[in-house]
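Enquirer: Read in our numbering, the sequence shown has 1138 at position 34, and its numbers run on one by one without any break.
Ideal placement from N, C-alpha and C gives every residue a C-beta, glycine not left out.
Once you've had a glance at the structure underneath, I'll fire off some questions.
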Amino acid sequence: MAGVPCITFIGGGNMCEAILSGLLKTGHPTTHVRVSEPFDQRRDYLRKTYKIDVFESNEDAITGKQGASVSANTQVDVVVLAVKPQVVGDVVRGLASALNKASPLVISIVAGVMIKDLSRWIGGQVPLVRLMPNTPALVGEGAAGMFADTLVNSEQRKHTEYVVSNIAKEYVWVENEAGIDAVTAISGSGPAYFFLIIEAMQKAGEQMGVPAEAAKRLAAQTALGAAKMVLTSDDDVQTLRRKVTSPNGTTHAAIEQMIACKVPEGITSGMESCQARCGSLSAEQQNLLFQCYCKTVYNTNFIDQYPTDDKIICTRNDKDRYYGNMTEICENYQKYDDCAGVDIGAAPPALSVAKVAMLAVLFSSLVLL
């Protein structure tokens, strides 16, 4: 169908199904969607439920050349990465050839994985978008943030919005990738904030003699109603609060006590911690292997060749390219005794075959963390 993108999902889990279900309900043709899923039972479920092509092979889901029936001869336009962070590196590396050949828009909903990592694993000029949805997307009430790299054109932005509109009622583009961390602090982690508030209201209601289920439903419906008022009213949130807070009334008493307990400051502090943790998680993923290298290799014997997180072989001739990174990381992690005072530029002597094998196993296992 002209103008309708063909969308391949890599990973057939809950978020994939939420998007897929929304697409098909709004008329997206089954001829223009494919899914790859490693588990037999899940593949069978998706095929029977949605009458679409579902593959065990990620590459076949992109090319559609082997095993496609419903979507045969349809060229992929959009690939949605919906796999676990622990395996995304291996998955994307395995798809690098197919992605470079097809050059689709790649939308990643994998938490904590940055554009530069995806680009490095793909190794080519493929347009990339990071999408941060939240769990209410599973019930069609999601909110999301999106960041596009410079290769994404206006049509591909529309394709992204087409995908996200099926799971999110509100979505925004951010100007830089750090903005995704702010989105995470607001909407990505936000459902848990409201769960905490509803939980506290339910517990207080129970202490006041209201049955648990009734207290939960009253608190949840109040949150839903308040949210709808915020989204539909011309008044800002502060004005809405003031309108229901009569001076010296019951609501005023509650709000004053919450302010005295620094509830607003606690929420702000929590969101700032969330944003900071987003940055540190990304940094940890970047630095994990380098830290391990410092701790396990420096001040021990060395090897001429060692596997990196890209499974590339690094030789002495590459030391300017790779050891430069090691210098920076080790300088940032002097608290590790094994890294302190190390001459990063020193040429490494040989390791025994046994130690080479041990390190290779260690590095390959870290990639899958």
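Hey, would you say residue 1259 sits closer than 8 Å to residue 1202, going by beta carbons?
Expert: Contact: no.
Enquirer: For the alpha helix (DSSP H) that contains residue 1052, what are its first and last residues?
Expert: Outside the displayed span of the chain (1105 to 1473) sits residue 1052, for which this structure offers no information.
Enquirer: Taking the alpha carbon of residue 1289 as the point to measure from, which residue in 1331, 1228, 1372, 1250 has its own alpha carbon closest?
Expert: That would be 1372, whose Cα lies nearest to the Cα of residue 1289.
Enquirer: Identify, in the order they occur along the chain, each residue of the same chain with its Cβ nearer than 6 Å to the Cβ of residue 1308, setting aside the five sequence neighbours on each side.
Expert: Excluding positions up to five away in sequence, the list is empty.
Enquirer: Under 8 Å, with one C-beta from each stretch per pair, do the stretch 1267 to 1283 and the stretch 1116 to 1131 reach the 3-pair mark?
Expert: Touching, yes, given that three or more Cβ pairs across the two stretches are closer than 8 Å.
Enquirer: Taking the straight line between their C-alpha atoms, what separation do you get for residue 1239 and residue 1299?
Expert: Distance between the alpha carbons of residue 1239 and residue 1299 is about 12 Å.
Enquirer: Taking only three categories from DSSP, how would you classify residue 1326?
Expert: If DSSP states are grouped into helix, strand and coil, residue 1326 belongs with the helices.
Enquirer: Whose C-beta lies closer than 6 Å to the C-beta of residue 1231 among residues of the same chain, with five residues either side of it excluded?
Expert: These residues qualify, in order along the chain: 1209, 1255, 1256, 1260.
Enquirer: On the DSSP bridge list, what partners appear for residue 1192?
Expert: In DSSP, residue 1192 forms no bridge with anything.
Enquirer: State the DSSP-derived secondary structure class of residue 1272, mapped to helix, strand or coil.
Expert: Strand, per DSSP.
Enquirer: Could you give the first and the last residue of the continuous alpha helix (DSSP H) run that contains residue 1340?
Expert: Per DSSP, residue 1340 belongs to no alpha helix (DSSP H) and is neither H nor E.
Enquirer: Could you please give the first and the last residue of the uninterrupted alpha helix (DSSP H) stretch that includes residue 1218?
Expert: First-last for residue 1218: undefined, no H or E at that position.
Enquirer: Along the beta strand (DSSP E) that carries residue 1112, what are the first and last residues, could you check?
Expert: Start and end: 1111 to 1114.
Enquirer: Just tell me which of 1264, 1253, 1319, 1294 has its CA closest to the CA of residue 1280.
Expert: Comparing Cα-Cα distances from residue 1280 to each of 1264, 1253, 1319, 1294, the minimum goes to 1253.
Enquirer: Could you give the C-beta distance for residue 1114 and residue 1186, rounded to a whole number, given that I count them as a contact under 8 Å?
Expert: Residue 1114 to residue 1186, Cβ: 6 Å. Contact.
Enquirer: Give me the Cα-Cα distance between residue 1156 and residue 1235, rounded to the nearest whole angstrom.
Expert: Roughly 24 Å separates the two Cα atoms.
Enquirer: With a cut-off of 8 Å on the beta carbons, I'd call residue 1213 and residue 1249 a contact; round off their distance for me.
Expert: Not really, about 11 Å apart at Cβ, beyond 8 Å.
Enquirer: Going by DSSP, what residue range makes up the beta strand (DSSP E) through residue 1212?
Expert: Element bounds for residue 1212: 1209 to 1212.
Enquirer: Taking the alpha helix (DSSP H) that residue 1157 falls in, what are its first and last residues?
Expert: Not the alpha helix (DSSP H): residue 1157 falls in the beta strand (DSSP E), residues 1157 to 1159.
Enquirer: Apart from the five residues just before and just after residue 1319, which ones in its own chain have a Cβ nearer than 6 Å to its Cβ?
Expert: Excluding positions up to five away in sequence, the list reads 1306, 1309, 1310.
Enquirer: Between the beta-carbon of residue 1349 and the beta-carbon of residue 1343, is there less than 8 Å?
Expert: Not in contact: residue 1349 and residue 1343 (Cβ atoms no closer than 8 Å).
Enquirer: Measuring CA to CA, which of 1211, 1272, 1353 is closest to residue 1251?
Expert: Closest option to residue 1251, Cα to Cα, is 1211.
Enquirer: What's the call for residue 1276, buried or exposed, on a 16-neighbour Cβ count within 10 Å?
Expert: Burial call: exposed.
Enquirer: Count the other CB atoms within 10 Å of the CB of residue 1449; is the residue buried (16 or more) or exposed (fewer)?
Expert: Residue confidence is low: residue 1449 scores 37 on pLDDT, short of 50, so the model does not pin down where it sits. No coordinate-derived value is stated.
Enquirer: Let's test the definition: count the other Cβ atoms within 10 Å of the Cβ of residue 1144 and tell me whether it reaches 16, buried, or not, exposed.
Expert: Label assigned to residue 1144: exposed.
Enquirer: Out of curiosity, what's the CA-to-CA distance linking residue 1328 and residue 1171?
Expert: Spanning the two alpha carbons is a distance of roughly 45 Å.
Enquirer: Can you find the residues in the same chain that come closer than 7 Å, C-beta to C-beta, to residue 1119, ignoring five residues on each side of it along the sequence?
Expert: Cβ neighbours of residue 1119 beyond the five flanking positions: 1186, 1213, 1237, 1241.
Enquirer: DSSP on residue 1143, reduced to helix/strand/coil?
Expert: Note: residue 1143 maps to coil in three-state DSSP.
Enquirer: Could you check what DSSP says for residue 1312 in three-state terms: helix, strand or coil?
Expert: In this structure, residue 1312 counts as coil in the three-state DSSP scheme.
Enquirer: Would you report the Cα separation of residue 1366 and residue 1295, rounded to the nearest angstrom?
Expert: Those two C-alpha atoms are separated by around 20 Å.
Enquirer: Could you tell me the alpha carbon to alpha carbon distance between residue 1363 and residue 1335, rounded to whole angstroms?
Expert: About 24 Å.
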